[in-house]
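Trainee: Once you've had a glance at the structure underneath, I'll fire off some questions.
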Amino acid sequence: MYEPLDDLAQRYPHVTVAIAALGPAHAALVGRSLLLVDPPLTESQRRSSIAHEIAHLDLGHTADVNPALARRQELEADHLAAQRLISLSQLADVVSWCRDEQHMAQQLRVSSQSLKLRLQALSRKERYALDTRIDACD
């Protein structure tokens, strides 16, 4: 299972993680060396938020862009984070016995938004594999 904090420590050891009240944001990168995380997050929200910020680093996103590009960057980071957090095999395991998205997200230790994004972005091949797994369980 993908662990965002382990990934961050291994690939970006220069990034410091600190707790800070961020208001509506769950996490934020300050430059490329400080990752702020809002304190009252659940484990699932924290994992999803940190994975999202790592995706920004990996994709080379910068904060000083126009609003249209910023929205696209957010969506790209969301999708990459969801893909990393939820492997197809993990998703198939959970889908084989559960159909409730909230419960599925809890089992996968991700936010509901990450699960929804992962499901929306399934490739045809992934969708077929998942449907086959679901059909075998019914």
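In our numbering, the protein residues as written are 31 to 168. Where a beta carbon is used, it is the ideal one built from N, C-alpha and C, also for glycine. Given the structure is predicted, the values throughout are model-derived calculations rather than measurements.
Can you give me the Cβ contacts of A135 inside the same chain, cut-off strictly under 6 Å, excluding the 5 residues immediately before and after it?
Mentor: For the purposes of this step, residue 135 is taken as residue 105 along the sequence shown, with counting starting at 1. These residues qualify, in order along the chain: S142 and L145.
Trainee: Counting pairs of Cβ atoms below 8 Å between the region 76 to 87 and the region 104 to 112, do you hit three or more?
Mentor: The region 76 to 87, when compared against the region 104 to 112, does touch it at the 8 Å Cβ threshold.
Trainee: Under the three-state reduction of DSSP, which class applies to L110: helix, strand or coil?
Mentor: Residue numbering aside, residue 110 sits at position 80 when the sequence shown is read from its first letter. Here L110 sits in helix by DSSP.
Trainee: Taking only runs of the alpha helix (DSSP H) that begin and end inside the region 94 to 159, which ones reach a length of at least 4 residues, in chain order?
Mentor: The region 94 to 159 contains these whole alpha helix (DSSP H) runs: 97 to 115, 118 to 125, 131 to 138 and 142 to 150.
Trainee: Measuring only the C-alpha atoms, how far is Q103 from V60?
Mentor: As a first step, residue 103 must be located in the sequence shown, where it is residue number 73. As a first step, residue 60 must be located in the sequence shown, where it is residue number 30. C-alpha separation (whole angstroms): 16 Å.
Trainee: Looking at C-beta atoms only, is the number of pairs between the region 111 to 123 and the region 82 to 101 that lie closer than 8 Å three or more?
Mentor: Touching, per the Cβ criterion.
Trainee: Exposed or buried, what is H86 when buried is set at 16 or more other beta-carbons lying within 10 Å of its beta-carbon?
Mentor: The residue given as residue 86 occupies position 56 in the sequence shown. Buried is the call here.
Trainee: Taking the alpha-carbon of V125 as reference, which of R163, Y42 and E33 has the nearest alpha-carbon?
Mentor: As a working mapping, residue 125 is identified with position 95 in the sequence shown. The option with the nearest alpha carbon to V125 is R163.
Trainee: On the three-state DSSP scale, how would you describe T162?
Mentor: If you number the sequence shown from 1, residue 162 lands on position 132. Correct three-state label for T162: helix.
Trainee: Identify every run of the alpha helix (DSSP H) within the region 34 to 99, keeping only runs that are complete inside it and at least 4 residues long; order them along the chain.
Mentor: Runs of the alpha helix (DSSP H) inside the region 34 to 99: 34 to 41 and 73 to 89.
Trainee: Within 10 angstroms of its Cβ, does P70 collect 16 or more other Cβ (buried), or is it exposed?
Mentor: The residue given as residue 70 occupies position 40 in the sequence shown. P70 is exposed by the Cβ-count criterion.
Trainee: Compute the beta-carbon to beta-carbon distance between S2 and H91, rounded to the nearest angstrom, for a pair I have assumed lies under 8 Å.
Mentor: Absent from the structure is residue 2, since the part of the chain shown begins at 31 and ends at 168.
Trainee: Considering only the beta carbon of each residue, do L35 and A48 sit closer than 9 Å?
Mentor: Here residue 35 is taken as the residue at index 5 of the sequence shown, counted from 1. Here residue 48 is taken as the residue at index 18 of the sequence shown, counted from 1. No, the Cβ-Cβ distance between L35 and A48 is not below 9 Å.
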